[in-house]
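Peer 1:
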Amino acid sequence: MNEYLKKVLEETNTKNSNELEFLQAVEEVLTSLEPVIDNHPEFEKIALLERLVEPERIITFRVPWQNDNGDVIVNRGFRVQFSSLIGPYKGGLRFDKTVNQSIMKFLAFEQIFKNALTGLPIGGAKGGSDFDPKGKSDNEIMRFCQSFMTELQRHIGQDIDVPAGDIGVGEREIGYLFGQYKRIKDIYEGGVLTGKGLSYGGSLARKEATGYGLIYFMREMLKANGNQTLAGKTVTISGSGNVAIYACEKAYEYGAKVVAMSDSQGCIYDKNGINLDTIKQIKEVERGRIKEYQDYHKDAEYFERQNDDSPIWNIKTDIALPCATQNELTLNSAKKLVANGVIAVGEGANMPTVKEGIEYFLQNNILFAPGKAANAGGVATSAIEMSQNSMRYYMTFKEVDKKLDTIMVNIFNSCKNYAEKYKLGNNYVAGANIAAFYKLAEAIKAQGFV
Ligand code: NDP
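Structure, rendered in structure tokens:
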């Protein structure tokens, strides 16, 4: 391996030895940059990689709140402001009991590259809390969000840092966070949060954007490899949250048949094709479990999760879309999918496939769409929401969706062109990393020692 790369990887490992997810994300990116670093010895003199892997700032804070029984609970809040090189910090908030600094840093690091790929002026960040929203009442969620924002408001602003949703943070939570921000700051600052409700500054098509964007990327990838289409293909989608639901909707629009979806406890298989209205009712309206799908569709089968390998990846499919969480697709699962004839995998979630799984797919010539490129439609549309807020203007659904489609086509082409330029075939993982890296490296060089 290139000596400079090796040195930076070793230093990063030593400094962050207990942050496994962060190290996984850094290793994936840096190792794929080897052909670029080989050609640019001058990067070492300006410590370009060292600067790229060190966050500009990490904020952690106490979030005390009261539950419905009157007990006071203390959670930990985070905001990792990783890079403001190409725009204000931008990235979602995650409320989940697994949240820790390593997960926040890996997500923020990925976000820098993803945001660079969109071609829009947004830096990289991520935040959240180890608060577990499952089973909480609406009032508890509101009190938690208000307490979280009471601290976070010091660190954000429409030209400073613009959070959005992620796991456990949807339109309801963004509403409570926005309300508290407005109350404390005494200002209507629409662009300070994205993913807002339509009644107070949200953008049409933001809710759909990550899932739709994933399918636009998949459409382009299939087209570029043998002029294939989604029509008639079977699809399995892990998760049943925001990303999964709208990936399912768009996959159906292109004539594919979605046969399985999941949540953290198990998956349902419906050979007749998943009924998306039922999923929306269970997940968006009732906030229930996917198991309840069987109450509506007696033919469907339910497989409970037994271990790290989600049962959804045992199901035969042409296209697999991991849209739940990090490291949900193990090497075992990758082998199962390949043995069952999968032709393409598209990551809707962030880093859902383990490193060995990605390698296995690439070795077996499976088309692989990496999350930082394939799920960038969400943040791209958030940036479009920010523009609308600045212009005091609303675009139609069609206008936003068209922009999203164009952005996804451009992102795919960047991944493809850089993979080809470096003779990496259709390795879009490396293509995405290299394309984003070029943009970031330019900005680092231009801005001096910051
Ligand atoms: P949601 O909270 O809406 O949905 C998350 C889904 O994933 C739920 O079905 C949840 O099931 C499932 N899930 C969560 N943890 C696990 C686990 N450990 N194992 C299996 N399933 C799990 O989140 P989003 O749809 O917004 O986000 C999903 C992924 O997409 C995340 O990786 C996120 O970072 C990424 N992403 C999201 C974007 C967005 O715009 N929302 C943009 C780009 C990426 P359960 O209900 O049982 O917890």
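Residue numbers for the sequence shown follow my numbering, so the first one is 104 and each next one is one higher.
Even glycine gets a Cβ: it sits at the ideal position worked out from N, Cα and C.
The structure presented is a predicted model; accordingly, all values stated were derived computationally and were not measured.
Residue 171 and residue 243 - do their beta-carbons sit closer together than 8 Å?
Peer 2: Result yes, Cβ atoms of residue 243 and residue 171 sit closer than 8 Å.
Peer 1: Per the contact definition of three or more C-beta pairs closer than 8 Å, is the stretch 142-151 in contact with the stretch 194-209?
Peer 2: Not touching, per the Cβ criterion.
Peer 1: Can you name the residues that DSSP bridges to residue 179?
Peer 2: Bridge partners of residue 179: 165.
Peer 1: How about residue 365 and residue 342: do their beta carbons lie closer than 8 Å?
Peer 2: Yes, these two residues count as a Cβ contact at 8 Å.
Peer 1: Within 10 angstroms of the Cβ of residue 485, are there 16 or more other Cβ atoms? Answer buried if so, exposed if not.
Peer 2: Looking at its Cβ environment, which holds 16 or more other Cβ atoms inside 10 Å, residue 485 is buried.
Peer 1: I want to check one thing, is the minimum distance from the CB of residue 346 to the heavy atoms of the ligand NDP below 7 Å?
Peer 2: True, at least one ligand heavy atom lies under 7 Å from that Cβ.
Peer 1: As an exercise, report each continuous beta strand (DSSP E) stretch of at least 3 residues that is fully enclosed by the stretch 216-292, in chain order.
Peer 2: Counting whole runs of 3 or more residues, the stretch 216-292 contains the beta strand (DSSP E) stretches 227-232 and 264-267.
Peer 1: Quick check: does the Cβ of residue 270 come within less than 7 Å of any heavy atom belonging to the ligand NDP?
Peer 2: The answer is yes for residue 270.
Peer 1: Which residues mark the beginning and the end of the alpha helix (DSSP H) in which residue 454 is found?
Peer 2: Run containing residue 454: none; DSSP gives neither H nor E here.
Peer 1: Sorry if obvious, but does the Cβ on residue 453 come closer than 7 Å to a heavy atom of the ligand NDP?
Peer 2: Within the cutoff, so yes.
Peer 1: Looking at residue 180: is its Cβ nearer than 8 Å to the Cβ of residue 124?
Peer 2: No, these two residues do not count as a Cβ contact at 8 Å.
Peer 1: Using the C-alpha atoms, what's the distance from residue 436 back to residue 445?
Peer 2: The straight-line gap from Cα to Cα measures roughly 11 Å.
Peer 1: Rounding to the nearest angstrom, what Cα-Cα distance links residue 375 and residue 440 in this structure?
Peer 2: Spanning the two alpha carbons is a distance of roughly 20 Å.
Peer 1: Entirely within the stretch 454-534 and at least 4 residues each: give me those alpha helix (DSSP H) ranges in chain order.
Peer 2: Correct list: 458-466, 474-477, 480-494 and 500-524.
Peer 1: When the Cβ atoms of the stretch 205-212 are set against those of the stretch 458-473, are three or more pairs found closer than 8 Å?
Peer 2: They do not touch, by the three-pair rule.
Peer 1: Hey, could you find the ends of the beta strand (DSSP E) residue 196 is sitting in?
Peer 2: 192-198 is the extent of the beta strand (DSSP E) around residue 196.
Peer 1: Once the 5 residues before and after residue 550 are set aside, which same chain residues still bring their CB inside 8 Å of it?
Peer 2: So the qualifying residues of the chain are 188.
Peer 1: In terms of residue numbering, what span does the alpha helix (DSSP H) encompassing residue 315 cover?
Peer 2: Counting along the chain, the alpha helix (DSSP H) containing residue 315 begins and ends at 309-327.
Peer 1: What ranges does the beta strand (DSSP E) occupy inside the stretch 105-157, keeping only unbroken runs of at least 3 residues that lie completely in it?
Peer 2: The stretch 105-157 contains no whole beta strand (DSSP E) run of 3 or more residues.
Peer 1: Hey, is the stretch 368-382 in contact with the stretch 443-462, meaning 3+ C-beta pairs nearer than 8 Å?
Peer 2: As far as the Cβ criterion goes, the stretch 368-382 does not touch the stretch 443-462, which means the pair count is below three.
Peer 1: Closest to residue 543 by CA distance: which of 226, 167, 176 and 117 is it?
Peer 2: The candidate whose alpha carbon is nearest that of residue 543 is 226.
Peer 1: Would the beta-carbon of residue 338 fall within 8 Å of that of residue 215?
Peer 2: Contact flag unset, no.
Peer 1: Can you give me the Cβ contacts of residue 405 inside the same chain, cut-off strictly under 7 Å, excluding the 5 residues immediately before and after it?
Peer 2: 369, 371, 394 and 397, listed in sequence order.
Peer 1: Judging by CA-CA distance, which residue of 285, 424 and 281 is the nearest neighbour of residue 584?
Peer 2: In the structure displayed, the chain extends from 104 to 553; residue 584 sits before or after that span and is not available.
Peer 1: In chain order, what residues of the same chain have a beta carbon less than 7 Å from the beta carbon of residue 122, not counting five sequence neighbours either side?
Peer 2: Answer for residue 122: 204, 205 and 208, listed in chain order.
Peer 1: Have a look at residue 553 and residue 192 and give me their C-alpha separation to the nearest angstrom.
Peer 2: Approximately 15 Å between the Cα atoms of the pair.
Peer 1: If we count the other Cβ atoms within 10 Å of its Cβ and call it buried at 16 or more, is residue 429 buried or exposed?
Peer 2: Classification for residue 429: buried.
Peer 1: Leaving out five residues on either side along the sequence, give the residues of the same chain with a beta carbon under 6 Å from the beta carbon of residue 535.
Peer 2: Correct list, in chain order: 473, 475, 476 and 518.
Peer 1: Measuring CA to CA, which of 282, 329, 385 and 109 is closest to residue 56?
Peer 2: Outside the modelled stretch of the chain, which goes from 104 to 553, sits residue 56, for which no answer is possible.
Peer 1: The ligand NDP and residue 429: does the residue's C-beta get closer than 7 Å to at least one heavy atom of that ligand?
Peer 2: True, at least one ligand heavy atom lies under 7 Å from that Cβ.
Peer 1: Is residue 245 buried or exposed, if buried means 16 or more other CB atoms sit within 10 Å of its CB?
Peer 2: By the neighbour-count rule (16 or more Cβ atoms within 10 Å), residue 245 is buried.
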